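J.: Once you've had a glance at the structure underneath, I'll fire off some questions.
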Amino acid sequence: MRTLALLAILAFVSPFASAFYLPGAAPTNYVEGQQVDVLVNALTPLIMETDDPKLKSLINYDYYNPKFQFCQPKDGIKAQPESLGSILFGDRLFNSPYDIQMLKDNHTCKTLCVADVSADDAKFINDRIREDYALNWLVDGLPAAEMKVDTRNQDIFFDMGFNLGDNEGIRRSQPALNNHYDIVFRYHRPAPDTYRIVGVLVWPSSIAGSVTDEPNCDVDNAEPLLLNEDRDQRVRYTYRVSWNESDTPWATRWDNYLHIFDPRIHWFSLINSIIIVVFLCVMVGMILLRTVSRDISRYNAIDVSEDVQEDWGWKLVHGEVFRTPTHPMVLSIMVGNGSQLIAMVGITLVFALLGFLSPSNRGSLATVMMVCWSFFGCVGGYCSSRVYASLGGMDKRKNAFLTATIFPTSIFVVIFILNFFLITAGSSGAVPFGTMLLIILLWFGISAPLSAIGAYFGSKHGAVTHPVRVNPIPRQIPPSPKYLRPWVAAILSGILPFGAAFVELYFVLSSLFASRAYYAFGFLALTAGVVALTTATVTILFTYFCLCAEEYRWQWRSFIIGGGSAFWLLAYGIYYWASRMSLGSFSSLLLYLGYLFLLALMDFLVTGTIGFLASYWAVRRLYSSIRID
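Quick note, in the UniProt record's numbering, the sequence shown goes up one by one and the last residue is 629.
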């Protein structure tokens with residue numbers, strides 16, 4: 001069954017992604033003089049390596065946006081096929097006017113075109129240069145990059161994308177447009193007369209001067225090109241191609257791009273997280289083995305024929321602990337959707353660890369996540385139905401319907417609002433109407449029916465049996481300590497899971513908002529496992545404390561306490577915005593807050609579900625170990 005499910009996922013993903021990438025699987029062989037296609041992608045803002053590096057925008061722009069006045073192909077602009085994930089993340093690939101043949105025109109200065117830039121367009125371009133926008137090209141699956149040196153260890157790496165202009169405000173009052181590109185192709189020759197591209201480097205420069213003279217690519221003695229915002233002017237774009245042979249084989253050509261800045265940070269974070277988990281496991285183990293075992297032995301050692309003293313501690317609430325909580329429908333729906341997200345994240349990490357989600361296959365990560373989420377609707381429906389029945393719920397049809405609809409609808413409404421602001425800002429990141437329909441089809445045609453099927457089997461299996469009966473009359477609950485109040489406990493319990501993941505969280509946020517490729521999936525998978533184990537142990541610990549305080553309403557508390565790391569994620573996102581961003585437009589700020597809210601909501605559902613299920617298992621094991629008279 002697992003193999004069939006995997007094959008079904010692969011069959012469904014294949015129409016939306018060109019191919020899964022395994023290193024060394026499908027190289028492109030060139031011969032001398034063969035055309036090398038340069039594809040252009042959307043312009044994205046970057047975090048510049050300055051004294052105060054900050055991201056200044058979140059709006060992506062199409063390369064052929066009329067305001068940029070870039071050179072266009074003579075045979076017309078042609079969009080390239082893209083995967084579902086590429087479209088969702090704003091990738092827009094088009095052909096380009098660059099005429100490049102393998103090993104030809106070496107060091108030849110060539111004119112690309114002469115563009116007429118109006119005063120309004122000049123102001124638009126200058127604003128984008130001030131916001132540190134970068135151009136993104138794609139050649140044979142490789143992004144064009146700038147060669148840089150890591151100041152920490154002096155390693156040379158390729159930083160994807162290159163600057164639209166030069167924003168050195170110290171030396172001039174306005175930015176300069178980069179209108180010349182020195183393009184260096186690094187190639188590997190595995191056999192005679194066979195060439196493979198293993199690197200694409202671009203050095204952009206700003207060259208002013210007459211547009212009618214012979215092109216001059218002397219970047220050392222050139223004056224910068226400053227766009228006049230008061231009048232129209234003509235701009236000439238030039239480029240020069242160089243070919244350098246490299247010893248790097250095709251299978252490892254991405255190693256120069258996927259550079260880890262100080263990998264010791266990842267290892268330190270992982271070791272720190274493991275220490276936290278070990279400490280928690282030891283703490284919970286001591287509580288369970290010493291305190292709980294002693295209580296169980298004491299309870300079971302009492303002779304029922306004798307006059308014994310009254311129960312104390314967590315045994316006092318044995319007749320209340322499985323009482324139906326308030327709003328069982330809402331709780332079961334949240335657990336069901338959280339289980340669906342957990343299954344999606346787990347399978348996606350497996351695909352990533354196997355190498356199927358390489359950065360060379362653009363958009364594959366988002367595509368696999370969407371498809372897995374759709375197929376795992378059965379998991380959400382099944383878990384929601386069983387939890388709802390176990391909590392004493394009776395309206396099974398309503399539960400199945402809301403499980404399949406309420407969460408996807410809420411996410412879709414938020415994304416639709418954010419997409420509206422992207423459209424008004426003229427961003428290439430706006431999701432087209434056809435893609436919106438495809439997402440609705442994934443939900444309506446796959447996820448919702450599978451959720452209904454899962455709910456049917458969950459109802460058929462029925463409720464989980466409880467080891468003790470529920471008293472007909474609820475007992476009074478004494479005042480709880482302040483640290484056991486739901487929201488206080490959630491904040492306290494969320495510190496440890498968040499502390500185990502906050503270093504990797506920085507790299508994830510940089511990947512999402514700063515257009516950087518994320519590739520440390522091994523660290524991410526280990527961190528996710530540590531966070532899950534930490535969340536489970538912390539929630540069990542707080543649930544035990546609540547029961548000892550005669551607070552038997554543990555169901556909602558365990559979910560909220562388990563999801564406590566989401567509040568720290570939200571706080572860290574606000575700190576990241578204040579320290580690493582300087583968003584000048586309302587649209588960018590709204591986009592960031594909207595995406596941050598979605599991340600926090602999904603984290604709350606995932607970790608809350610882990611906390612609830614772990615506590616449910618622990619409570620059942622605890623009360624099945626004592627003799628109830």
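Note that the Cβ used here is the ideal one computed from N, Cα and C, for glycine as well. Fair warning: this is a prediction, and the values are worked out from it, not measured in the lab.
For Ser205, list the residues DSSP reports as bridge partners.
T.: The partner list for Ser205 (beta bridge, DSSP) reads His180.
J.: Can you give me the C-alpha to C-alpha distance between Pro359 and Ala352, rounded to a whole angstrom?
T.: Approximately 10 Å between the Cα atoms of the pair.
J.: Under DSSP, the beta strand (DSSP E) around Gln233 begins and ends at which residues?
T.: Gln233 to Glu245 is the extent of the beta strand (DSSP E) around Gln233.
J.: Out of Arg621, Lys123 and Met369, state which residue places its alpha-carbon closest to the alpha-carbon of Val468.
T.: Considering only alpha carbons, the answer is Arg621.
J.: Take Thr348 and list the residues in its own chain whose beta-carbon comes closer than 8 Å to its own, dropping the five residues that flank it on each side.
T.: For Thr348, where only same-chain residues beyond five positions count, the Cβ hits under 8 Å are Leu357, Leu365, Val368, Met369 and Cys372.
J.: Could you check where the alpha helix (DSSP H) with Leu138 kicks off and where it finishes?
T.: First-last for Leu138: Trp137 to Val139, but that is the beta strand (DSSP E), not the alpha helix (DSSP H).
J.: Given this structure, state the Cα-to-Cα distance separating Tyr72 from Ile275, to the nearest angstrom.
T.: The sequence shown places Gln at residue 72, not Tyr. Approximately 56 Å, taken between the alpha carbons.
J.: Which residues in the same chain as Leu341 place their Cβ atom closer than 7 Å to its Cβ, once the five residues preceding and following it in sequence are excluded?
T.: Closer than 7 Å at Cβ, skipping near neighbours: Met602, Leu605 and Val606.
J.: Kindly list the residues whose CB is nearer than 6 Å to the CB of Val38, restricted to its own chain and excluding five residues on each side of it in sequence; keep chain order.
T.: The answer, listed in chain order, is Ser96, Tyr98, Trp137 and Val139.
J.: Tell me which residue opens and which closes the beta strand (DSSP E) that Cys113 is part of.
T.: Here the beta strand (DSSP E) through Cys113 covers Cys109 to Val117.
J.: Chain D beta carbons: is any one of them nearer than 8 Å to that of Ala532?
T.: In the structure shown, chain D cannot be found, because there is only a single protein chain.
J.: With a cut-off of 8 Å, do at least 3 Cβ pairs link the region 276–283 to the region 527–538?
T.: Contact holds: three or more Cβ-Cβ distances are below 8 Å.
J.: Using the C-alpha atoms, what's the distance from Leu227 back to Asp218?
T.: C-alpha separation (whole angstroms): 20 Å.
J.: When you compare only the Cα positions, how much space is there between Ser305 and Pro472?
T.: Residue confidence for Ser305 is low, a pLDDT of 46 falling below 50, so the modelled location carries little weight and cannot support an answer.
J.: Between the C-alpha atoms of Gly377 and Leu596, what's the straight-line distance to the nearest angstrom?
T.: If you take the alpha carbons of Gly377 and Leu596, they lie about 24 Å apart.
J.: Answer yes or no: do Met334 and Gly562 have a C-beta to C-beta separation smaller than 8 Å?
T.: Contact flag unset, no.
J.: Could you check how far apart the C-beta atoms of Tyr239 and Ile156 are, in whole angstroms? I think they sit under 8 Å.
T.: About 23 Å; that fails the 8 Å criterion.
J.: Pop quiz: Lys56 and Leu583 are said to be a contact at Cβ under 8 Å. What is the actual Cβ separation, rounded to whole angstroms?
T.: With a Cβ gap of about 7 Å, Lys56 and Leu583 count as contacting.
J.: Indicate whether the contact test is met: 3 or more Cβ pairs, each with one atom in the region 552–571 and one in the region 490–509, closer than 8 Å.
T.: The region 552–571, when compared against the region 490–509, does touch it at the 8 Å Cβ threshold.
J.: Taking the straight line between their C-alpha atoms, what separation do you get for Leu22 and Leu142?
T.: For Leu22, the predicted structure reports a pLDDT of 42, less than 50, and the residue's modelled location is therefore unreliable. A value from the coordinates is still provided. Each residue's alpha carbon lies about 14 Å from the other.
J.: By a C-beta neighbour count over all protein chains shown, 10 Å radius and 16 as the cutoff for buried, is Phe420 buried or exposed?
T.: Its Cβ having fewer than 16 others within 10 Å, Phe420 is exposed.
J.: Would you check if there are 3 or more beta carbon pairs closer than 8 Å linking the region 53–68 to the region 579–593?
T.: With a cut-off of 8 Å, the region 579–593 and the region 53–68 count as touching, because enough Cβ pairs lie within range.
J.: Hey, how far is the Cα of Tyr483 from the Cα of Phe567?
T.: C-alpha separation (whole angstroms): 16 Å.
J.: Tell me which same chain residues have a C-beta within less than 8 Å of the C-beta of Arg234, skipping the five on either side of it?
T.: For Arg234, where only same-chain residues beyond five positions count, the Cβ hits under 8 Å are Val114, Ala115, Asp116, Val117 and Val211.
J.: Which residues bound the alpha helix (DSSP H) around Ile156?
T.: No alpha helix (DSSP H) contains Ile156, which is instead part of the beta strand (DSSP E) from Ile156 to Met160.
J.: What is the DSSP secondary structure of Thr248, reduced to helix, strand or coil?
T.: If DSSP states are grouped into helix, strand and coil, Thr248 belongs with coil.
J.: Taking buried to mean at least 16 other C-beta atoms within 10 Å of its own C-beta, is Leu4 buried or exposed?
T.: At Leu4, the pLDDT of 35 sits below 50, so the modelled position is not reliable and the matter cannot be decided from this model.
J.: Quickly, what does DSSP pair Gly199 with across the bridge? List them, please.
T.: Answer is Arg186, bridged to Gly199.
J.: If you drop the 5 nearest sequence neighbours on each side, which residues of the same chain put their C-beta closer than 6 Å to that of Pro408?
T.: Answer for Pro408: Trp443, listed in chain order.
J.: Below 8 Å between beta carbons: does that hold for Leu570 and Val414?
T.: No, the Cβ-Cβ distance between Leu570 and Val414 is not below 8 Å.
J.: Can at least three beta-carbon pairs, one atom from the region 244–254 and one from the region 185–198, be found at a separation below 8 Å?
T.: Counting Cβ pairs under 8 Å, three or more are found: they touch.
J.: Nearest-angstrom Cα distance between Phe68 and Ser615?
T.: The straight-line gap from Cα to Cα measures roughly 57 Å.
J.: Does DSSP put Gly429 in a helix, a strand or coil?
T.: Of the three classes helix, strand and coil, the one that applies to Gly429 here is coil, per DSSP.
J.: Hey, out of Ser451, Gly564 and Lys460, whose CA is closest to Pro497's CA?
T.: Ranking the options by Cα distance to Pro497, first place goes to Gly564.
J.: Grouping DSSP H, G and I as helix and E and B as strand, with all else coil, what is Gln69?
T.: Residue state, collapsed to three classes: coil.
J.: Tell me whether the beta-carbon of Ser385 lies closer than 8 Å to the beta-carbon of Ser459.
T.: Closer than 8 Å, so yes.
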